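Novice: Number 615 in the numbering used here belongs to position 613 of the sequence shown; there are no gaps in the numbering.
Idealized CB from N, CA, C, for every residue including glycine.
Computed from a prediction, not measured in an experiment: that's the story for all the values here.
Sharing a structure, written as structure tokens. Questions coming.
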Amino acid sequence: MKQSMRYFLILFVLSCVSCSSSKDEWQLASPNGKIDVTIAWYKTDGSIFYVADVHHEDGKRVRALDKSGLGLKRDDHDFSRGLQFRSLKREEIYEPYTTISGKRINDINHCNEITLSFEHESGEMLDVIFRAYDEGLAFRYHFLAKDTVPRMVIDELSSFNLNSTGGKAWMQTYDTIRHWSLGYEIPYHREIPIGTSAPVSYGWALPLLFEKEDGTWVFVSEADLDEHYAGMHVRQHAPSGNYMLEFPEEYECYGLFSRFPSSTLPWKTPWRFAIITDRLGDIIESNIVDHLSRHTEFENTDWIKPGISSWSWWHDPASSSNYIPLADHVDLSAEMGWKYSLVDADWDIMRNGDIDQLIDYAHEQGVELFIWYNSGGPNNRVKWYFNLSDEVVANLRSEGVPQNVISKLRPIYNKGFFPEEEYYEVVHSHLGDDDFGRWGEQIILAARNRNARPRDRFYEEEARVKEFQLLRERGVRGIKLDFFASDKQEIIKMYINIFREAAKNEILINTHGSTIPRGWTKTFPNLLTMEAVMGAEFYGTPEWPELAPIQNTIYPFIRDVVGPTDYTPFTLSTRRGGFPRITSNAHELALVVHYETGLLHIAEWADYVRQQPDFIIQFLQDVPVVWDDIKFISGYPGDYSALARQSGDTWYVSGINGKKESRTLSFIPDFLQPGEYKARYYLDGEEFQTFRFETNTIMHDNKITVDMIPLGGFVLVLEKVKSKK
């Protein structure tokens with residue numbers, strides 16, 4: 003990766019901008035003047051606060067964030083008060099950089115920065131660092147002392163005060179503990195009043211999206227999280243829209259590890275940021291998470307290749323322990339020209355072959371494999387479970403297990419999960435020796451809970467190092483790690499140790515059951531994607547078909563803003579044991595390019611992909627996963643979304659309709675360079691859940707009109723026609 007260049011303009015200023023007997027204030031404006039931040043130090047108690055204004059396109063200056071809290075409490079000192087101002091430094095940052103994947107692989111980190119140095123009454127120094135971007139603001143704390151004795155932050159007073167109860171908010175509740183959570187897999191509440199208390203005591207998850215009464219949009223999250231801190235969320239109550247940060251909950255990881263972060267000194271916190279604008283599209287187009295995050299630690303990144311992967315598990319979760327369908331999905335990747343194929347849970351108990359045979363076969367086909375692991379460790383308790391559901395019973399009957407044998411198991415039909423240690427005993431006790439000897443293994447394999455094993459390979463350093471070395475020797479290109487289940491500092495350390503050790507062995511990473519992106523794909527570019535979303539796998543639940551169209555139109559404005567989203571799109575069939583979708587075919591196709599990801603999983607079953615029209619096959623063969631730019635066209639979270647992504651001279655415009663009413667979208671593609679473009683339209687057919695394909699030629703300034711059916715969508719590919727010489 004190219005080394006970024008950084009240009010500094012440093013001014014040392016010894017006096018404040020505004021002084022009074024009660025407080026001193028300092029102003030910080032963004033490079034184009036759109037954002038104004040004021041930081042205030044109150045002399046009476048030594049506390050600090052900030053406010054932020056935004057200039058709307060009509061020239062009106064609007065207060066976006068009112069008096070918002072700053073400061074930290076450590077186990078030894080309270081750094082939210084008792085501070086004395088000592089000095090400041092101003093700096094203009096202009097920093098071009100390149101990433102391997104993301105919204106915009108070439109970008110510029112351009113902002114104005116102010117560092118305010120305070121001396122605590124204990125004599126220790128604290129820097130409060132603010133940045134003003136044209137799209138918003140960011141701040142972090144820096145303890146300057148040097149000390150090998152670890153200190154602990156027990157409270158953070160940072161807040162984002164919208165001073166509003168009349169606007170709207172889109173937020174997701176922070177998750178409770180289950181076998182597979184915390185995983186940010188909860189539907190977003192939409193258009194609830196700003197300041198609404200979370201329905202659960204553990205509060206709201208980041209990111210947060212707000213629309214104030216005056217038309218100002220505010221988006222809140224964090225970036226550049228490292229092993230020295232924990233992932234944050236916000237507290238349950240936000241009086242008058244004052245949202246305060248909160249540490250992970252004590253119950254996470256079953257009460258193991260502290261919820262409070264600790265570190266030796268010096269010590270920097272992650273960046274807390276807010277995108278502030280009167281144009282909703284600025285949020286979708288913002289790359290502030292990458293701007294704020296550290297450059298890659300890796301000297302060599304040539305081996306990191308974003309790409310598309312086939313995936314058998316979505317349609318049939320049992321397939322990931324069966325060589326035959328796995329090999330067929332390797333074949334699909336080879337046929338489509340995709341780099342990868344994903345082998346999901348339970349591959350270590352594979353039937354009809356083993357993982358080494360599959361790796362060898364994939365290499366013969368020119369395909370590289372990702373393989374799944376349970377991340378546990380003590381962070382989760384997801385192991386094998388026995389669940390004899392109606393679906394399992396039906397499958398066993400179709401596979402030839404006699405009805406009289408199945409009938410013996412009737413007492414445990416639909417009785418929920420039996421833990422692994424009771425597996426064989428329960429089945430054996432019901433079947434008896436003879437039938438268990440003949441049918442027991444088949445019944446157990448069919449009834450096991452998916453997403454379980456292998457596990458205990460990555461939490462402890464010795465096991466982690468050994469497993470990554472083995473993966474490299476085997477020729478595995480990447481891993482999918484699941485069930486991290488916490489944002490506590492100990493688990494954040496685990497993530498980062500995994501990224502680093504994986505890179506030593508040239509292994510790519512995809513995380514599921516994970517936290518949200520917090521800038522890691524820039525610092526650790528072998529991390530190609532993260533889940534942290536209710537994606538297509540939730541078609542295994544009865545609620546998801548009705549939720550999906552609405553949630554799909556929310557994600558571009560919230561979840562996808564902060565980083566790659568492994569939604570696993572293109573699900574046209576009904577998954578085994580799942581529930582049929584109500585979205586259109588073009589809606590599902592649009593999701594392929596609607597969310598950014600460096601590793602794109604096409605979730606549909608291999609034979610169903612092969613059955614698609616030639617124009618869909620060609621689209622899936624050609625679609626890129628690395629983007630040069632993104633442009634917002636129109637939309638509203640929970641209603642509809644239309645955006646465009648650029649790859650070279652080609653733009654992929656996608657739209658999805660979350661409503662059960664049709665919608666006509668008209669726009670002029672002002673993001674195009676002058677010239678003639680070949681337009682390929684992927685639309686919904688006359689019959690529901692069919693495709694239609696059209697082509698024509700347009701000029702860059704032509705008006706484009708597309709009709710979306712209820713719950714429909716479209717993709718429009720605009721390819722520049724090369725001029726004839």
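Under 8 angstroms between the Cβ atoms of Glu-224 and Pro-272?
Specialist: yes
Novice: So, using beta-carbon positions, are Asp-284 and Gly-521 closer together than 8 angstroms?
Specialist: no
Novice: Does DSSP put Phe-141 in a helix, in a strand, or in coil?
Specialist: strand
Novice: Between Ala-207, Ala-454, Ser-288, which lies nearest to Ala-347 when the distance is taken from Cα to Cα?
Specialist: Ala-454
Novice: Spatial neighbours of Ala-147 within its chain, please: CB distance less than 6 angstroms, with the 5 preceding and 5 following residues excluded, ordered by chain position.
Specialist: Glu-126, Leu-267
Novice: Which of the three DSSP states is assigned to Met-338 in this structure?
Specialist: helix
Novice: Tell me the DSSP secondary structure of Gln-553 in three-state form.
Specialist: helix
Novice: I think Ile-493 touches Asn-381, with their Cβ atoms under 8 angstroms apart; what is that distance to the nearest whole Å?
Specialist: 6 angstroms
Novice: Do Ala-534 and Ser-516 have their CB atoms nearer than 8 angstroms?
Specialist: It is a contact, given that the beta carbons lie within the stated cut-off.
Novice: Per DSSP, what are the beta-bridge partners of His-122 in this structure?
Specialist: Listed as beta-bridge partners of His-122 by DSSP are Leu-85.
Novice: Measuring only the C-alpha atoms, how far is Asp-489 from Glu-689?
Specialist: 46 angstroms
Novice: For Met-701, does the count of other Cβ atoms within 10 angstroms reach 16, so buried, or fall short, so exposed?
Specialist: exposed
Novice: Specify, as a first and last residue, the run of the alpha helix (DSSP H) that Ala-681 falls within.
Specialist: For Ala-681, no alpha helix (DSSP H) run applies; the uninterrupted beta strand (DSSP E) run containing it begins and ends at 678–686, by DSSP.
Novice: For the candidate residues Phe-120, Asn-244, Gly-138, Val-719, whose alpha-carbon lies nearest to that of Ser-161?
Specialist: Asn-244
Novice: Do you know how far the Cα of Pro-308 is from the Cα of Phe-695?
Specialist: Distance from the CA atom of Phe-695 to the CA atom of Pro-308, rounded to whole angstroms, is 28 angstroms.
Novice: Label Gln-2 either buried or exposed according to how many other C-beta atoms from any shown protein chain fall within 10 Å of its C-beta, with 16 as the threshold for buried.
Specialist: The chain is shown only over 3 to 727; residue 2 falls outside these bounds and no answer can be derived.
Novice: Can we say the stretch 66–75 touches the stretch 160–174, given the rule of at least three CB pairs closer than 8 angstroms?
Specialist: yes
Novice: In whole angstroms, what is the alpha-carbon distance linking Arg-296 and Thr-523?
Specialist: 10 angstroms
Novice: What residue does the beta strand (DSSP E) around Asn-382 start on, and which one ends it?
Specialist: Counting along the chain, Asn-382 sits inside no beta strand (DSSP E), nor does DSSP assign it H or E at all.
Novice: Should Ile-102 be flagged as near chain D, meaning a C-beta pair shorter than 8 angstroms?
Specialist: Among the chains in the structure shown there is no chain D, since it carries only a single protein chain.
Novice: Just reading off the alpha helix (DSSP H) that Tyr-363 is part of, what are its end residues?
Specialist: Tyr-363 -> alpha helix (DSSP H) spans 357–366.
Novice: Looking only at its chain, what residues have a beta carbon closer than 6 angstroms to the beta carbon of Thr-707, apart from the 5 residues adjacent to it on each side?
Specialist: Ser-668
Novice: Hey, could you find the ends of the beta strand (DSSP E) Glu-721 is sitting in?
Specialist: For Glu-721, the enclosing beta strand (DSSP E) begins and ends at 715–722.
Novice: Skipping 5 residues on each side, what residues in its chain have a beta carbon closer than 6 angstroms to that of Thr-150?
Specialist: Thr-266
Novice: Pop quiz: Ile-615 and Phe-693 are said to be a contact at Cβ under 8 angstroms. What is the actual Cβ separation, rounded to whole angstroms?
Specialist: Rather than Ile, the amino acid found at residue 615 in this sequence is Pro. That pair is a contact at about 6 angstroms.
Novice: Taking one C-beta from the stretch 548–560 and one from the stretch 675–684 each time, how about it: are there three or more such pairs within less than 8 angstroms?
Specialist: no
Novice: Looking at Pro-527: is its Cβ nearer than 8 angstroms to the Cβ of Phe-300?
Specialist: yes
Novice: Please report the distance separating the alpha-carbon of Ile-290 from that of Tyr-186.
Specialist: 21 angstroms
Novice: Compare the C-alpha of Asn-324 against each of Glu-337, Gly-355, Asp-333, Thr-303 and name the closest.
Specialist: Gly-355
Novice: Applying the 10 Å Cβ sphere with the 16-neighbour rule, what's the burial state of Ile-711?
Specialist: buried
Novice: Ends of the beta strand (DSSP E) at Met-536?
Specialist: That residue, Met-536, is in no beta strand (DSSP E); it is neither H nor E in DSSP.
Novice: Can you find the residues in the same chain that come closer than 8 angstroms, C-beta to C-beta, to Arg-399, ignoring five residues on each side of it along the sequence?
Specialist: Gln-405, Ile-408
Novice: Would you check if the distance between the CB atom of Ala-276 and the CB atom of His-235 is smaller than 8 angstroms?
Specialist: no
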